[in-house]
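Novice:
Number of protein chains: 2
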Amino acid sequence: MGLSYAEENYLKAILKLSGSPDGTVSTNAIAAQLDTSAASVTDMLKKLSDKELITYQRYKGASLTDDGQRIATTLVRKHRLWEVFLVQSLGMTWDEVHEIAEELEHIQSDRLIDRLDHFLGHPKFDPHGDPIPNAQGKYTLRAQIPLSELKPGQEGIVIGVREDETSFLKHLNEKGLTLGKSIKVITNDDYDNTLSLQVEGHELNLSGKVARNIMIKTT
Amino acid sequence: MGLSYAEENYLKAILKLSGSPDGTVSTNAIAAQLDTSAASVTDMLKKLSDKELITYQRYKGASLTDDGQRIATTLVRKHRLWEVFLVQSLGMTWDEVHEIAEELEHIQSDRLIDRLDHFLGHPKFDPHGDPIPNAQGKYTLRAQIPLSELKPGQEGIVIGVREDETSFLKHLNEKGLTLGKSIKVITNDDYDNTLSLQVEGHELNLSGKVARNIMIKTT
DNA sequence: AGCTCAATTTAGAGTAATCTAAAAAATATT
DNA sequence: AATATTTTTTAGATTACTCTAAATTGAGCT
Ligand SMILES: [Mn+2]
Ligand SMILES: [Mn+2]
Ligand SMILES: [Mn+2]
Ligand SMILES: [Mn+2]
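Taken in sequence, the protein lines are chains W and D.
The working numbering numbers the first residue of the first sequence as 305 and each following residue consecutively.
The working numbering numbers the first residue of the second sequence as 305 and each following residue consecutively.
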């Protein structure tokens, strides 16, 4: 029997937040990620723990079990494959696909996803530059560095973003800072990483907050 | 604010069942269609009535309002477009797409559906031969007659099925009776419409129950 | 070691969707 | 017209998910 959308969203949130060593995630971090109350999170952590998808001890945080990790990774795979479909096949823009994929990722059918993956040509990255896990849960890592950490004079290519909210991506569209663009840093403020850079002949100013969410492959 | 999946499924069921003159549908008919209890149906009819998506009087059945009709028709459009996608683009078979489309139809995004429609080339019929409403809710009707009503000697082409359950469609696959096939009736039992017919050189026997769910365009 | 405060959990409650069993209304039969 | 049967509704519960407010726990600081 499958999981509910809510259970799946929690697993995905825990995976996203568990970058740390042992991968333990706090109740409040999950609540913030899912924009829900800490009390709701506690309830759900008990349920997921009963189903052995996470390990959880009161007051000690949660981490994914192997089963939980596998399920969460599959959700990420589905989310990102659908995003590729929406952009590549349907011609939607990178700023409008995340919310839709947030629903599509819950469609239940392994066969569907394998077919979709095949149809799309086994893409390795989604429209935001995030890696797509394969059917075995493995994915490609790339050397990348936040734009905010580049020194004046350094050059590179935009290969990803760390944030997929519509407002952020629309902002980048307006600045012309989309995937694949070549950039060169002119100045980078020591204090708050306010940047000026060169993109396709134009000069551009960016806040440190924005620059920290743009990932660069240096050239 | 959007409707829940349950509310949408009820609207779709009412549309499907309201072929009659005024289009009034009984509580039990809906319960049977959705495989749920009559008590649950009554609860939901009250809710949909409050939202003015149906007209409903106790003990008198329900019918769609214009708003309800519009929403239900859009759901049918989405369901059938997704079925076309699954078969045409992903190469799935007509017997495995209905259940998946039952979920996909609830994805919320008008823009997505318009893009999908465009991507698929504005198809007029789904993989079961059912017409696909356009964005305005209009669809093409075709002259068709149940195979069970053909007389011995009559010929035609399979242009649709009235039932999209997997088991039924798999049965047709085994018999080689798929969309587009040419058939010729040899015998048709007066009492129960047990048929024998000619398909691609082979002779085939069908129960009346099956024959009543296969739609033919006579030639 | 004890105190303080933030993080977390528990308590209690609400909404949505569903069920079974009992009551009421409508329809069919005699 | 009265009675029997079927259909539909109501009553009362259950499960899943969520919330706010109150209680508890644990970690950091004197
Ligand atoms: Mn996304
Ligand atoms: Mn989601
Ligand atoms: Mn279908
Ligand atoms: Mn559905």
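Glycine included, every Cβ here is placed at the ideal spot set by N, Cα and C.
W/Phe423 CB to nearest chain D CB: under 8 Å?
Specialist: Here residue 423 of chain W corresponds to residue number 119 of the first sequence, with the count starting at 1. By this cut-off, W/Phe423 is an interface position.
Novice: Counting by C-beta, which residues lie closer than 6 Å to a heavy atom of ligand 2, in chain order?
Specialist: Cβ atoms closer than 6 Å to ligand 2 belong to W/Asn313, W/Glu406, W/Glu409, W/His410.
Novice: Compute the minimum distance between the beta carbon of W/Glu387 and the heavy atoms of ligand 1, and state whether it is under 7 Å.
Specialist: As a position in the first sequence, residue 387 of chain W is number 83, starting the count at 1. The answer is yes for W/Glu387.
Novice: Output, in chain order, the set of chain D residues within a Cβ distance shorter than 8 Å of W/Met396.
Specialist: Sequence index remark: in the first sequence, residue 396 of chain W carries index 92 (1-based). Those within 8 Å of W/Met396 in chain D are Arg415, Leu416, Arg419.
Novice: Identify, in the order they occur along the chain, each residue of the same chain with its Cβ nearer than 7 Å to the Cβ of D/Asn313, setting aside the five sequence neighbours on each side.
Specialist: As a position in the second sequence, residue 313 of chain D is number 9, starting the count at 1. Leu338.
Novice: Would you call the CB atoms of D/Met519 and D/Pro450 closer than 8 Å?
Specialist: For the purposes of this step, residue 519 of chain D is taken as residue 215 along the second sequence, with counting starting at 1. For the purposes of this step, residue 450 of chain D is taken as residue 146 along the second sequence, with counting starting at 1. A contact, by the Cβ cut-off of 8 Å.
Novice: Mapping DSSP to helix, strand and coil, what is D/Thr369?
Specialist: Here residue 369 of chain D is taken as the residue at index 65 of the second sequence, counted from 1. It is coil, neither helix nor strand.
Novice: State the CB to CB distance for the pair W/Thr359 and W/Ala342, rounded to an integer number of angstroms; the pair is presumed to be in contact (CB under 8 Å).
Specialist: Counted from its first residue, the first sequence places residue 359 of chain W at position 55. Counted from its first residue, the first sequence places residue 342 of chain W at position 38. Contact flag wrong, Cβ pair sits at about 19 Å.
Novice: Check whether the Cβ of W/Ile375 lies closer than 8 Å to any Cβ atom in chain D.
Specialist: Against the first sequence, residue 375 of chain W aligns to sequence position 71. False, the Cβ-Cβ gap to chain D never drops below 8 Å.
Novice: Comparing the C-beta of D/Gln412 with each C-beta of chain W, is any distance below 8 Å?
Specialist: Counting from one through the second sequence, the residue named residue 412 of chain D turns up at place 108. Chain W, which has a Cβ nearer than 8 Å to the Cβ of D/Gln412, makes this yes.
Novice: Measure the Cβ-Cβ separation of D/Leu319 and D/Ala376 and say whether it is below 8 Å.
Specialist: As a working mapping, residue 319 of chain D is identified with position 15 in the second sequence. As a working mapping, residue 376 of chain D is identified with position 72 in the second sequence. Yes, they are a contact pair.
Novice: How long is the line joining the alpha carbons of D/Leu385 and D/Asp430, rounded to whole angstroms?
Specialist: For this step, residue 385 of chain D is matched to residue 81 along the second sequence. For this step, residue 430 of chain D is matched to residue 126 along the second sequence. Rounded to whole angstroms, D/Leu385 to D/Asp430 spans 7 Å at the Cα level.
Novice: Below 8 Å on the Cβ atoms is my contact criterion, and I expect W/Gly433 with W/Ile463 to pass it. Report the Cβ-Cβ distance as a whole number of Å.
Specialist: Stepping through the first sequence from its first residue, residue 433 of chain W is reached at position 129. Stepping through the first sequence from its first residue, residue 463 of chain W is reached at position 159. 5 Å between Cβ atoms; contact.
Novice: Do W/Asn497 and W/Arg466 count as a contact pair if the criterion is CB distance below 8 Å?
Specialist: Within the first sequence, numbered from 1, the residue matching residue 466 of chain W stands at position 162. Within the first sequence, numbered from 1, the residue matching residue 497 of chain W stands at position 193. No. Outside cutoff.
Novice: Would you list, in chain order, the members of the region 465-476 of chain W that have their beta-carbon closer than 9 Å to a beta-carbon of chain D?
Specialist: Taking 9 Å as the Cβ-Cβ cut-off against chain D, none of the residues of the region 465-476 of chain W qualify.
Novice: Kindly indicate if chain D contains any beta-carbon less than 8 Å away from that of W/Leu379.
Specialist: To locate residue 379 of chain W, count along the first sequence from 1; it is residue 75. Answer no: the Cβ-Cβ gap between W/Leu379 and chain D never drops below 8 Å.
Novice: What are the partner residues of D/Gln521, as DSSP defines its beta bridges?
Specialist: On the second sequence, position 217 is the one that residue 521 of chain D refers to. Residue identity differs from the one stated: residue 521 of chain D is Lys in this sequence, not Gln. According to DSSP, D/Lys521 bridges with D/Ile461.
Novice: Would D/Gly457 pass as a contact of D/Val489 if the rule is Cβ separation under 8 Å?
Specialist: On the second sequence, residue 457 of chain D is found 153 positions in, with the first residue counted as 1. On the second sequence, residue 489 of chain D is found 185 positions in, with the first residue counted as 1. Result yes, Cβ atoms of D/Gly457 and D/Val489 sit closer than 8 Å.
Novice: Taking 8 Å as the cut-off, does the region 469-489 of chain W touch the region 501-508 of chain W (at least 3 CB pairs, one atom from each stretch)?
Specialist: Yes, the region 501-508 of chain W is in contact with the region 469-489 of chain W.
Novice: I want to see whether chain D comes within less than 8 Å of W/Ser393, judged by CB atoms only; does it?
Specialist: Indexing the first sequence from 1 puts residue 393 of chain W at position 89. Yes, contact with chain D.
Novice: Going by other Cβ atoms of all chains shown within 10 Å of its Cβ, with 16 needed for buried, is W/Gly365 buried or exposed?
Specialist: To locate residue 365 of chain W, count along the first sequence from 1; it is residue 61. Buried, by the Cβ-count rule.
Novice: Check W/Tyr495 in the structure and name its three-state DSSP category.
Specialist: Position 191 of the first sequence holds residue 495 of chain W. Residue state, collapsed to three classes: coil.
Novice: Sort W/Asn438, W/Thr328, W/Thr491, W/Asp354 by Cα distance to W/Thr311 and report the nearest one.
Specialist: Residue mapping note: residue 311 of chain W aligns to position 7 of the first sequence, counting from 1. A small fix is needed here, since residue 311 of chain W is Glu in this sequence, not Thr. That would be W/Asp354, whose Cα lies nearest to the Cα of W/Glu311.
Novice: With a threshold of 7 Å, establish whether the CB of D/Asp468 neighbours any heavy atom of ligand 3.
Specialist: In the second sequence, the residue the question calls residue 468 of chain D occupies position 164. It does: the Cβ of D/Asp468 is within 7 Å (strictly closer) of some heavy atom of ligand 3.
Novice: Going along chain D, which residues have a C-beta under 7 Å from W/Ile404?
Specialist: Locating residue 404 of chain W in the first sequence gives position 100, where the first residue counts as 1. What W/Ile404 touches in chain D: Ile411, Ser413, Leu416.
Novice: May I have the straight-line CA-CA distance separating D/His383 from W/Ile411, to the nearest angstrom?
Specialist: Residue mapping note: residue 383 of chain D aligns to position 79 of the second sequence, counting from 1. Residue mapping note: residue 411 of chain W aligns to position 107 of the first sequence, counting from 1. About 13 Å.
Novice: DSSP puts D/Phe429 in a beta bridge; with which residues?
Specialist: The residue given as residue 429 of chain D occupies position 125 in the second sequence. According to DSSP, D/Phe429 bridges with D/Pro435.
Novice: Note the first and the last residue of the continuous beta strand (DSSP E) segment covering W/Gln361.
Specialist: Mapped onto the first sequence, residue 361 of chain W falls at position 57. Per DSSP, W/Gln361 belongs to the beta strand (DSSP E) from 358-361.
Novice: Taking only beta-carbon atoms, is D/Leu408 less than 8 Å away from chain W?
Specialist: If you number the second sequence from 1, residue 408 of chain D lands on position 104. Judged by the 8 Å Cβ criterion, D/Leu408 is in contact with chain W.
Novice: Would you tell me roughly how many angstroms separate the C-alpha atoms of W/Asn438 and W/Tyr495, rounded to the nearest one?
Specialist: Locating residue 438 of chain W in the first sequence gives position 134, where the first residue counts as 1. Locating residue 495 of chain W in the first sequence gives position 191, where the first residue counts as 1. Distance between the alpha carbons of W/Asn438 and W/Tyr495 is about 41 Å.
Novice: Classify W/Ser452 as buried or exposed, calling it buried when 16 or more other Cβ atoms lie within 10 Å of its own Cβ.
Specialist: The residue you call residue 452 of chain W lines up with position 148 of the first sequence. So W/Ser452 counts as buried.
Novice: From the DSSP secondary-structure annotation, give me the bridge partner or partners of D/Lys507.
Specialist: Taking the first residue of the second sequence as position 1, residue 507 of chain D is located at position 203. Looking at the sequence itself, residue 507 of chain D is Glu, so the reference to Lys does not match. Answer is D/Gln502, bridged to D/Glu507.
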